Amino acid sequence: MEYLQSIISNIEANKEQMIKTLQELVQIKSVAEEMEGQYPFGEGVEQAFSYMLEKGTSEGFAVKDADHYGGHIDLPGNGGDVMGIVGHLDVVPEGTDWDYDPYGGEIVDGKIYGRGTMDDKGPVVASFYAMKAVKDSGVPLKDTVRLILGLDEETNWKGMKYYLEKVAPPDYGFTPDGDFPAIHGEKGILVFEIAKKFGSSASKGLELRSLSGGNAANMVADHARAVVRDTAGGGYETIKEKAAAFRQQHQVKLKCRGIGKSLEITAEGVSAHGAKPEQGENAISILMDFLGNLNFASDDINELIEFYNTYIGYELDGQSLGCGFSDEPSGKLVLNVGMAAVSTQAASFTINVRYPVTSSDEAVYESIMPVLDRYNLGIVKEKHEEPIYIPEDDPMIATLMDIYKRQTGDENSRPLVIGGGTYARAMKHVIAFGARFPGEPELGHQKNECLAVESLVAMAKIYAEAIFRLAADEEENS
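The numbers in UniProt numbering rise by one with no breaks, and the one at position 399 of the sequence shown is 399.
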């Protein structure tokens, strides 16, 4: 175990360099965009990708760029399997109301602040320095260790699909994009729109001119905005009074202000990851709840609001909508309304569902259709990721659990099944392993996302030992 001691010491010795690398990477705004041309996910993502490849080259690793759709950094082994560490460099939009620059990488009270510090740039940097520590130790490796860099994990995974067409998948490994101690299952994921087109409404009265909210399907909407107009004249003071009463009754942030001949109504919520909507507060649901107190001239609008508040509302498990599934390994289905877009002609709500590992996408769609048919609503299917599940007694999971327990002293934690979707779904025998420690807040898709410096170092040490235990020659582990 002399090699392991050297590896852990190397992590400590490179602590400041690791912090600086993460700060520089966070300062690159890398929200993935659908682009034509050389860089399929935009200049920001390409800049972050180039930064990591250059860092790999400078440290003596072999690197590969798969046509700017993804790539990897290799620590070669002696002809064995390929161990994959699968991270991503794209981030979700920053949202609003940060106390620090979301792309500043500022350190305050021992925490590095910025979008991507936790999801997933921090864990990628920790994995990189874990590989560097193993490389610098000189330990013989039987397996190649490959840090795979995804570029559109937060959107549609086109980059990873393209990469895997060009490069064979790893034989085993982990993605540092979940929670410790280890994740042996992930719920199925659906993204779809509930949509409707409206008929013409010639009646005078209160009109819903527009409604919008949210940034992404996999984020709890932290803002929503509606614009209403009373074509019959008057009525705004009554709406303002109702808003004040609603705000007081529900203790929410709801505001009204005049804009020309219309009235703007805004709701503010709390962002969170769509897999854990209970940690947030959905501004779309707040706004729809309030609009249910108003009487619009359009029957289509009134029915749409009635549908939303009756069958979705603040509910997070899809029970009223008809898809409230649950099982023993993974618990309840989770439903999040990530975005809303309503005009005078049409409406759509973008829904993100995490369904139990024993269920299916067909079961979810079949279960909600009776309610949707009743309101003449349609579905636009956008994304589906199958659930994954590996038994707890799998040898790799057992080894990773042993490493986690040995380094943290946490003997009580057990492997988890999560609602989040990671790159583990894209490859066989890859699981999520970290990087959030038990008890740490889930800030990955929220304002003021941050990563404690001590957590960055701790995860690097865990990942370094994982490389050593799984990829080194067996005689070096004895």
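Just so it is clear, CB atoms sit at the ideal spot from N, CA and C, and this is done for glycine as well.
Being a predicted model, the structure only gives us computed values, none of them experimental.
Taking the alpha helix (DSSP H) that residue i falls in, what are its first and last residues?
i    : result
K166 : K158 to K166
T310 : D299 to Y311
Y365 : D361 to R374
S127 : K121 to S137
Beta strand (DSSP E) containing residue i: first to last residue?
i           : result
S210        : L206 to G213
residue 525 : Not covered by the structure: residue 525. The range shown for the chain is 1 to 478.
F349        : A346 to Y355
N336        : V334 to V342
Inspect the beta-carbon positions of residue i and residue j and report whether they are closer than 7 Å.
i    : j    : result
G114 : G104 : yes
L89  : L149 : yes
V63  : G56  : yes
P93  : N10  : no
R354 : A424 : no
Y375 : E303 : yes
D175 : A432 : Reading off the sequence shown, one finds Thr at residue 175, where the question assumed Asp. In contact: T175 and A432 (Cβ atoms closer than 7 Å).
V417 : P329 : yes
A346 : A126 : no
T422 : D177 : yes
A452 : G110 : yes
P387 : K187 : yes
P370 : F325 : no
I'd like the list of long-range same chain contacts for residue i, defined as Cβ closer than 6 Å, with 5 residues on each side in sequence excluded.
i    : result
A341 : S212 and S348
R247 : L254
N293 : K242
V252 : I286
K447 : G95, D97 and W98
D171 : D81 and V82
Quick one: Cα of residue i to Cα of residue j, how far?
i    : j    : result
R229 : P102 : 36 Å
N78  : K142 : 5 Å
D402 : F437 : 15 Å
D361 : R257 : 42 Å
A232 : F296 : 11 Å
M131 : E36  : 34 Å
D120 : I183 : 16 Å
L331 : V364 : It is Gly, not Leu, that sits at residue 331 in the sequence shown. The straight-line gap from Cα to Cα measures roughly 15 Å.
P123 : H223 : 29 Å
D410 : I397 : 16 Å
V270 : E366 : 31 Å
K20  : M1   : 30 Å
T155 : P181 : 26 Å
N282 : A245 : 19 Å
N309 : F290 : 10 Å
Leaving out the 5 sequence neighbours to the left and right, which residues in its chain are closer than 7 Å to residue i when beta-carbon positions are compared?
i    : result
K15  : V457
L206 : V228, D230, G235, L294, N295, F296 and A297
G444 : M118, D119 and H273
Would you mind sorting residue i into buried or exposed? The rule is 16 or more other CB atoms within 10 Å of its CB.
i    : result
Y311 : buried
R414 : exposed
R146 : buried
A472 : buried
M160 : buried
T238 : exposed
D300 : buried
G338 : buried
D393 : exposed
Q23  : buried
For residue i, which residues from the same chain have a beta carbon less than 8 Å from its beta carbon, with the 5 sequence-adjacent residues on both sides left out?
i    : result
P277 : V220, L316, V334, L335 and N336
E442 : A272, H273, K276, Q279 and R436
E193 : S348, F349, T350, I351, I379, V380 and E382
V167 : K64, A66 and H72
K158 : P40, Y69 and D152
The ligand SAM and residue i: does any heavy atom of the ligand fall closer than 6 Å to the residue's C-beta?
i    : result
E281 : Ligands in the displayed structure: none, and consequently the ligand SAM is not present.
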